[in-house]
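Numbering (the numbering used here), first residue to last: 1 to 319. All C-beta atoms in this analysis are idealised placements derived from N, C-alpha and C, irrespective of residue type, glycine included.
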Amino acid sequence: MGRLAVGPTIGILAAALIAAGLIAAALAGPAEAGSPKKKKPAPPAPNSIAWSQVGGPALGPAQSIGGYAAGCITGAQALPGEGTGYQVIRMSRQRYYGHPELIDYLKGFGRKVAAAGLGTALIGDMGQARGGPMSFGHASHQIGLDADVWLRLDHPPMGRNARESLTEIKYVDYGRVRVTEDWSERQAQLVRIAASDPRVTRIFVNPAIKLAMCRHAWPDRAFLRKLRPWHGHDGHMHIRLGCPAGSPQCEDQRDIPDGDGCGDEVASWLGSVYPVVERHNGKPQPRYVNMPPACTAVLRAAGTRVAAMDDPHREKALR
Numbered sequence: 001m002g003r004l005a006v007g008p009t010i011g012i013l014a015a016a017l018i019a020a021g022l023i024a025a026a027l028a029g030p031a032e033a034g035s036p037k038k039k040k041p042a043p044p045a046p047n048s049i050a051w052s053q054v055g056g057p058a059l060g061p062a063q064s065i066g067g068y069a070a071g072c073i074t075g076a077q078a079l080p081g082e083g084t085g086y087q088v089i090r091m092s093r094q095r096y097y098g099h100p101e102l103i104d105y106l107k108g109f110g111r112k113v114a115a116a117g118l119g120t121a122l123i124g125d126m127g128q129a130r131g132g133p134m135s136f137g138h139a140s141h142q143i144g145l146d147a148d149v150w151l152r153l154d155h156p157p158m159g160r161n162a163r164e165s166l167t168e169i170k171y172v173d174y175g176r177v178r179v180t181e182d183w184s185e186r187q188a189q190l191v192r193i194a195a196s197d198p199r200v201t202r203i204f205v206n207p208a209i210k211l212a213m214c215r216h217a218w219p220d221r222a223f224l225r226k227l228r229p230w231h232g233h234d235g236h237m238h239i240r241l242g243c244p245a246g247s248p249q250c251e252d253q254r255d256i257p258d259g260d261g262c263g264d265e266v267a268s269w270l271g272s273v274y275p276v277v278e279r280h281n282g283k284p285q286p287r288y289v290n291m292p293p294a295c296t297a298v299l300r301a302a303g304t305r306v307a308a309m310d311d312p313h314r315e316k317a318l319r
């Protein structure tokens, strides 16, 4: 067969279409021109494990950096494991560090507890040596200004090994949304003493505990404003200090509402009070927290190890 003749008009039109296609592809860019699409960026790598593995505080002046749930600290100090009116529990977690203001506060708190004849306060998790996210448990406790204090007061001073396996007493009856019969004047006074220091801005407690504190006949009720209802917190109180002087990068929370919070506010919580179950069982749960830029240098900075916390001879003497 012979070749099909192509008229000049058709040939010119075909050439124009081909040229237009090439120009359009060039203008569209590589993705629209048929090249592979760009992949979505991978999610950031977890950083909680790195912060939990730091051996000691970062050198330098004490500064809380960032917010309570995304930040770090330089110049942290370790709370001694034992002191007047208190003892630190579960020290193997290495969460007994804080800003010097927190250390001073807890020592003073212990002395007030002892002076009131309440017994020995059990200090739980504070913060890590350089703050930052923890490998399991708390979302906050990151800038050296948070501390958990258990509400049970029935343990005399004991060795550190014995303090590793203590369990909380839950003071909330979730069926009635009220405190249990184990709640007493001693627990109420413990909370009042904790909240009375002007450095404390908030104390998180179970809504049922807030209600019990509201119903107590206090001569001065000003401290009740600091007691903030929150889920869980049925066996301990979570104490939080405000940003200290000399920490310009510390991010304080908003002011709490006026009033003692004993009316509609606490009532609004009582319909949704439920127990919080910890599912980590002490196992690391890697996660990523978007940290302030200054914390990168804190994590990598030179530091010091607090040898007294790991001295086996000291532990042996305390058993």
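Problem set entry | Local conformation of P229 per DSSP, three classes | If DSSP states are grouped into helix, strand and coil, P229 belongs with the strands.
Exercise. What does C72 pair with, by DSSP beta-bridge criteria?
Worked result: Per DSSP, the beta-bridge partners of C72 are I65 and G131.
For this session: Tell me whether G60 is buried or exposed, calling it buried when 16 or more other Cβ atoms sit within 10 Å of its Cβ.
Result: Under this definition G60 is an exposed residue.
Problem set entry | Where E82 sits in the DSSP three-state scheme | In this structure, E82 counts as strand in the three-state DSSP scheme.
Problem set entry | CA nearest to the CA of F109, picked from G71, G242 and S196 | Nearest option by C-alpha distance: S196.
Exercise. Using the C-alpha atoms, what's the distance from I143 back to A69?
Worked result: Here the alpha carbon of A69 sits roughly 8 Å from the alpha carbon of I143.
Problem set entry | Euclidean distance between Cα positions of W230 and Y174 | Whole-angstrom Cα-Cα distance: 14 Å.
For this session: Give the straight-line distance between the Cα atoms of H236 and L151, rounded to the nearest whole angstrom.
Result: Their Cα atoms are separated by approximately 5 Å.
Exercise. Alpha carbon to alpha carbon, how far is S247 from R176?
Worked result: Cα to Cα, the separation comes out at about 44 Å.
Problem set entry | Proximity test, Cβ basis, 8 Å: V113 and chain C | The structure shown has no chain C; it contains just one protein chain.
For this session: Apply the 10 Å Cβ neighbour rule to P198 and answer buried if 16 or more other Cβ atoms are within range, or exposed otherwise.
Result: Label assigned to P198: exposed.
Problem set entry | Neighbourhood of W218 by C-beta, 6 Å cutoff - its chain only, sequence neighbours within 5 removed | Close CB contacts of W218 within its chain, under the 6 Å cut and outside five residues either way in sequence, are absent.
Exercise. In angstroms, rounded to a whole number, what distance separates the CA positions of A302 and L190?
Worked result: One C-alpha to the other measures close to 39 Å.
For this session: Measure the C-alpha to C-alpha separation of M134 and V200 and round it to an integer number of angstroms.
Result: Each residue's alpha carbon lies about 23 Å from the other.
Problem set entry | For A58, three-class secondary structure by DSSP | In the structure shown, A58 sits in a strand (DSSP, three-state: E or B).
Exercise. Within this structure, are the beta carbons of A129 and A208 separated by less than 8 Å?
Worked result: Cβ atoms of A129 and A208: not closer than 8 Å.
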